[in-house]
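K.L.:
These protein sequence lines map, in sequence, to chains B, V, F and D. If you count by my numbering, then the first sequence holds residues 1 to 204, one letter each, in order. If you count by my numbering, then the second sequence holds residues 1001 to 1204, one letter each, in order. If you count by my numbering, then the third sequence holds residues 2001 to 2204, one letter each, in order. If you count by my numbering, then the fourth sequence holds residues 3001 to 3204, one letter each, in order. Glycine is no exception: its CB is placed at the ideal position from the N, C-alpha and C atoms. All values reported here derive from a predicted model rather than from experimental measurement.
Protein chains: 4
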Amino acid sequence: MNRRLTQRGRERRRQLVEYAARRFAENGYHPTSVAEIVAGLGVGKGVFYWYFSSKEELFGEILREAQQELRRCQEQAIADEPDPLRRIELGIRTSMRWLGDHRHLFTLFQFAVTEDRFRGMLRRGEDVAVADAVRHIKEGIGAGRIRDTDPMVLTHAMLGVTNHLARVMIFERGDAPDDVADAAVAFCLDGLCGPPEKVPAAYR
Amino acid sequence: MNRRLTQRGRERRRQLVEYAARRFAENGYHPTSVAEIVAGLGVGKGVFYWYFSSKEELFGEILREAQQELRRCQEQAIADEPDPLRRIELGIRTSMRWLGDHRHLFTLFQFAVTEDRFRGMLRRGEDVAVADAVRHIKEGIGAGRIRDTDPMVLTHAMLGVTNHLARVMIFERGDAPDDVADAAVAFCLDGLCGPPEKVPAAYR
Amino acid sequence: MNRRLTQRGRERRRQLVEYAARRFAENGYHPTSVAEIVAGLGVGKGVFYWYFSSKEELFGEILREAQQELRRCQEQAIADEPDPLRRIELGIRTSMRWLGDHRHLFTLFQFAVTEDRFRGMLRRGEDVAVADAVRHIKEGIGAGRIRDTDPMVLTHAMLGVTNHLARVMIFERGDAPDDVADAAVAFCLDGLCGPPEKVPAAYR
Amino acid sequence: MNRRLTQRGRERRRQLVEYAARRFAENGYHPTSVAEIVAGLGVGKGVFYWYFSSKEELFGEILREAQQELRRCQEQAIADEPDPLRRIELGIRTSMRWLGDHRHLFTLFQFAVTEDRFRGMLRRGEDVAVADAVRHIKEGIGAGRIRDTDPMVLTHAMLGVTNHLARVMIFERGDAPDDVADAAVAFCLDGLCGPPEKVPAAYR
DNA sequence: AATGAATGAGCGTTCATTCAT
DNA sequence: GATGAATGAACGCTCATTCAT
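Following this line, the structure appears as structure tokens:
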């Protein structure tokens, strides 16, 4: 669906994306009906199908926009940092903060992985982000500051740490994103056994 | 649902659990209908409701049994190992192997997290597993072999690494579980920067 | 279904009739499943279909036996009474007492009227009872003690009074059947305007 | 269900209420499926659930509207009549005529009494009607024209007569409502034994 | 651009009934 | 006589989508 939209139209569309994202996250994609979404915004059903050709397309848009925004944040945070390890650290910290601010979108990412037709939508954005991280890692390996291991593996290990800690520590335990980021960074850099002096006060 | 089942009945029930798990994983929980499940087994719809009081209950059973089994594997693997770090390592290796063998169940775990009513079902089993890992970590910290950080955080960081690497490396890239386990163990013990000599050949 | 039953068989059958009647009355005929009935008696489904060829047949049997029994009570009560008005009065009193003792069966009569296939089952028994009452009324008219009006109408008017008062006064308000019978008899004999000295203390 | 309806919408709703009432009466509430109702009107299933949130709700609406209408008729008929006995008579006559015109609704009232969840729906309307009749009766007792008996009992006795005669004489025998009303009034005023000169020609 | 109304395939579930053991 | 298991049509209901206005 690619309509020419007026200012007001763009506003409506944004409302739909935002409200639907929140409902999908709270209630699940399938259990949330189009009827519920439009009712929540107090508009008729026609509105929905004016802006999106299907519920599935809307979900795709939510994913696309969310990834885009996360990406923008990270690029901006890393921009001028010359040190590759520091860039990695900044990436983790930015992710963590963003996830803290958009936890409902994280839930949607998790769901998207569980159904074939949505997994594809996620893939593109993820690949870009991974490729980026891989670059930093390679640079770190080149500089002898990261051990020489498959950079993809290292990247995904870090992604796993970041996402999982975000979910458990921030969403469920309610910790502050910055503290969790400290812990994630420490773990990623040094694992279980690394030098203890880097551990943040909050987790000692 | 708690029926007295004959031998044949137990067999049927197992068939249903197994087949449904596979379909849920491939197709998604919601998109997989009860009709599809029973048709796949060539039985009538009534059979389903003879063994389970609802689709939701069946899903709960799948989760419960899966967690139980993973748990059993881990306990058995760790049983007599006195070294806490080695126990952690064995835990990771067992998980990875089990995930490789039951990747469809992993998808279901992922889905369960995204809907409130299922999240609760997961929780109980997860808490037990986490509590166990925490014990090993605490012992490691006590022995001065793990840096003194919130053991829960370390546990979840490792869980994140293990699960994410399983998904990406084993399921998507098709790597061998044992190699992925090597990488996960290396990352968990030493992070990005630790001593490189532990890295498995497959990822160098 | 007409099986030769052993002593034990007859007992089982009676149990089924009785329990089902009670459940049908409490819960409605349709909302009460065969499964519920057999579960309530702690037997398997086969038992039900051993004694009855269908749920519908069972319901018919309940109606038939109930009418038969009410009829027996009335015949016995009236047996040797020579005075037709007194016979009518005794009929009302017996009905009221029986209804008080078998209110659940009354509910089933009411339900039976609302569905074609069951209405027929009721009819036979009702016709017999009405014909009987009509006889007494005719006799009363012949003797100049009842005004000369269509005896069928008078009969049904009395039936209406008896049944409705039973339902409202006995079932809902919880009055004693004998008091309600007094009131019904008074109303039937003299209407709204008749001599007041016959009114029972309970209703003055 | 409380939708803002257009003219066309109100029309549809009325159709559904009317058609469903007729089917429920002919066939029984449970044996009549929603599918049958919408098919009978040649519309899709969704239409039903656009106007009613459940089959049960529809049934409630039918009951409510029917009681409301009967009530309206009676109020109008009695409006300016000063004589309480005459008001009672007019009430009976109006009921009888209305029942003759809406016999299918009468069947539904009868059914509603037999299931708990529907009994409650009936109660409210019935209570109002009874309270009204009780007022007239009390007035009649005060004027010494009705014997001094519990007015509720008298009211229900009359209700019993009216409803039962309607069912048997009008619905089953096919008599004219006005004649049946004559007989009902005569019985209610004077019982079996009162002055015979009030009896209508049709029943002599 | 938006509404209320309508569609109808499909859902999860029930249940009278049958049958092998 | 009795059981647990199985059947499958039918039920009440939902919901993504379409359409007339």
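1) For Ile2111 (chain F) and Ile2078 (chain F), what's the separation of their Cα atoms in angstroms?
2) List, in order along the chain, the chain B residues whose C-beta lies closer than 9 Å to that of Asn1002 (chain V)?
3) Name the chain B residues whose beta carbon is nearer than 7 Å to that of Val1043 (chain V)?
4) For the alpha helix (DSSP H) that contains Pro1177 (chain V), what are its first and last residues?
5) Which chain F residues sit within Cβ distance under 9 Å of Leu3165 (chain D)?
6) Looking at Thr32 (chain B): is its Cβ nearer than 7 Å to the Cβ of Ile92 (chain B)?
7) Tell me whether the beta-carbon of Val3128 (chain D) lies closer than 7 Å to the beta-carbon of Thr3155 (chain D).
8) Given that a residue counts as buried once 16 or more other Cβ atoms are within 10 Å of its Cβ, and exposed if not, what is Pro2082 (chain F)?
9) Among D:Leu3005, D:Ala3066, D:Asp3175, which has the Cα closest to the Cα of Glu3018 (chain D)?
10) If the cut-off is 7 Å on Cβ atoms, which residues from the region 1091-1121 of chain V count as contacting chain B, listed in chain order?
11) Suppose contacts are defined by Cβ-Cβ distances below 7 Å. Is His164 (chain B) in contact with Leu1063 (chain V) by that definition?
12) Comparing C-alpha positions only, which one of D:Arg3071, D:Asn3027, D:Glu3069, D:Arg3013 sits nearest to Val3043 (chain D)?
13) Would the beta-carbon of Gly28 (chain B) fall within 7 Å of that of Glu1115 (chain V)?
14) Would you identify the three-state DSSP class for Thr1094 (chain V), choosing helix, strand or coil?
15) Of the residues V:Arg1086, V:Leu1108, V:Arg1147, V:Phe1052, which one's Cα is nearest the Cα of Thr1023 (chain V)?
16) Nearest chain B C-beta to Gly1028 (chain V) closer than 7 Å, yes or no?
17) Give the straight-line distance between the Cα atoms of Arg1145 (chain V) and Leu189 (chain B), rounded to the nearest whole angstrom.
18) Check the Cβ-Cβ distances between Ala2987 (chain D) and every residue of chain F, and say whether any is below 7 Å.
19) Is it buried or exposed for Asp2150 (chain F), if we count other Cβ within 10 angstroms and need 16 for buried?
20) Which residues in chain B sit within 7 Å of Val1168 (chain V), going by Cβ to Cβ distance?
21) With burial defined as no fewer than 16 other Cβ atoms inside 10 Å of the residue's Cβ, what is the status of Arg2086 (chain F): buried or exposed?
22) Could you give the distance in angstroms between the alpha-carbon of Leu1122 (chain V) and the alpha-carbon of Arg2119 (chain F)?
23) Report the rounded CA-to-CA distance for Ile3037 (chain D) versus Lys3138 (chain D), giving the unit in angstroms.
24) According to DSSP, is Gly2042 (chain F) helix, strand or coil?
25) When DSSP labels each residue in this structure, what does Thr2149 (chain F) get in the three-state scheme?
26) Looking at C-alpha atoms only, which residue of D:Leu3016, D:Arg3103, D:Trp3098 is the closest neighbour of Val3047 (chain D)?
27) Return yes when the Cβ of His1030 (chain V) is within less than 7 Å of the Cβ of Pro1084 (chain V), no when it is not.
28) Below 9 Å between beta carbons is the criterion; list the residues of the region 1056-1089 of chain V that meet it against any residue of chain B, in chain order.
29) Just to confirm my understanding: we take Pro3196 (chain D), look at its own chain, exclude 5 residues before and 5 after, and list those with CB closer than 8 Å. What are they?
30) Report yes if the C-beta distance between Leu70 (chain B) and Ala20 (chain B) is below 7 Å; otherwise report no.
31) For Arg1004 (chain V), does the three-state DSSP call read helix, strand or coil?
32) Closest Cβ-Cβ distance between Phe2171 (chain F) and chain D: below 7 Å?
33) I'd like the span of the alpha helix (DSSP H) that includes Glu1061 (chain V), first residue to last.
34) What number of angstroms, rounded off, separates the C-alpha of Gln76 (chain B) from the C-alpha of Ala35 (chain B)?
35) Can you give me the C-alpha to C-alpha distance between Ala2184 (chain F) and Glu2089 (chain F), rounded to a whole angstrom?
36) Give me the residue from V:Arg1173, V:Arg1008, V:Glu1061 with the minimum Cα distance to Leu1105 (chain V).
P.N.:
According to the structure shown:
1) Looking at the sequence itself, residue 2111 (chain F) is Phe, so the reference to Ile does not match. In a straight line, the C-alpha of Phe2111 (chain F) is about 28 Å away from that of Ile2078 (chain F).
2) Within 9 Å Cβ-Cβ: nothing; Asn1002 (chain V) doesn't reach chain B, min ~27 Å.
3) Correct list: empty, because the minimum Cβ distance to chain B is about 25 Å.
4) For Pro1177 (chain V), the uninterrupted alpha helix (DSSP H) run begins and ends at 1177-1190, by DSSP.
5) Those are Val2153, His2156, Ala2157, Gly2160, listed as they occur along chain F.
6) The answer is no: Cβ separation not under 7 Å.
7) Cβ atoms of Val3128 (chain D) and Thr3155 (chain D): not closer than 7 Å.
8) Exposed: under 16 other Cβ atoms inside 10 Å.
9) For Glu3018 (chain D), the nearest C-alpha among the options comes from D:Ala3066.
10) Along the region 1091-1121 of chain V, the positions whose C-beta sits under 7 Å from a C-beta of chain B are Thr1107, Gln1110, Phe1111, Val1113, Thr1114, Glu1115, read in chain order.
11) No.
12) The residue with the shortest Cα to Cα distance from Val3043 (chain D) is D:Arg3013.
13) Taking 7 Å as the cut-off, the beta carbon of Gly28 (chain B) is found closer than this to the beta carbon of Glu1115 (chain V).
14) Reduced to three states, the DSSP call for Thr1094 (chain V) is helix.
15) The sequence as given places Arg at residue 1023 (chain V); Thr does not occur at that position. Closest option to Arg1023 (chain V), judged by alpha-carbon separation, among V:Arg1086, V:Leu1108, V:Arg1147, V:Phe1052: V:Leu1108.
16) Interface residue, yes.
17) Linking Arg1145 (chain V) to Leu189 (chain B) through their CA atoms gives a straight-line distance of about 17 Å.
18) Outside the modelled stretch of chain D, which goes from 3001 to 3204, sits residue 2987 (chain D), for which no answer is possible.
19) Counting Cβ neighbours within 10 Å, Asp2150 (chain F) comes out buried, since at least 16 surround it.
20) Going along chain B in sequence order, the residues near Val1168 (chain V) (Cβ under 7 Å) are His156.
21) So Arg2086 (chain F) counts as exposed.
22) Near 54 Å, if we compare the C-alpha coordinates of Arg2119 (chain F) and Leu1122 (chain V).
23) Distance from the CA of Ile3037 (chain D) to the CA of Lys3138 (chain D), rounded to the nearest whole angstrom, comes to 45 Å.
24) Gly2042 (chain F): coil per DSSP, three-state reduction.
25) In the structure shown, Thr2149 (chain F) sits in coil (DSSP, three-state: anything other than H, G, I, E or B).
26) Minimum Cα distance to Val3047 (chain D) is reached at D:Leu3016.
27) The answer is no: Cβ separation not under 7 Å.
28) Under the 9 Å Cβ criterion, the region 1056-1089 of chain V contributes Leu1085, Ile1088.
29) Here Pro3196 (chain D) scores only 45 on pLDDT, less than 50, and its place in the model should not be relied on; the value that follows carries that caveat. Closer than 8 Å at the Cβ level, and outside the excluded window around Pro3196 (chain D), lies no residue.
30) Contact flag unset, no.
31) Arg1004 (chain V): coil per DSSP, three-state reduction.
32) For Phe2171 (chain F), the closest Cβ of chain D is not nearer than 7 Å.
33) Here the alpha helix (DSSP H) through Glu1061 (chain V) covers 1055-1078.
34) Counting only the Cα atoms, Ala35 (chain B) lies some 38 Å from Gln76 (chain B).
35) A straight line joining the alpha-carbon of Ala2184 (chain F) with that of Glu2089 (chain F) spans about 9 Å.
36) Among V:Arg1173, V:Arg1008, V:Glu1061, the Cα nearest to that of Leu1105 (chain V) is on V:Glu1061.
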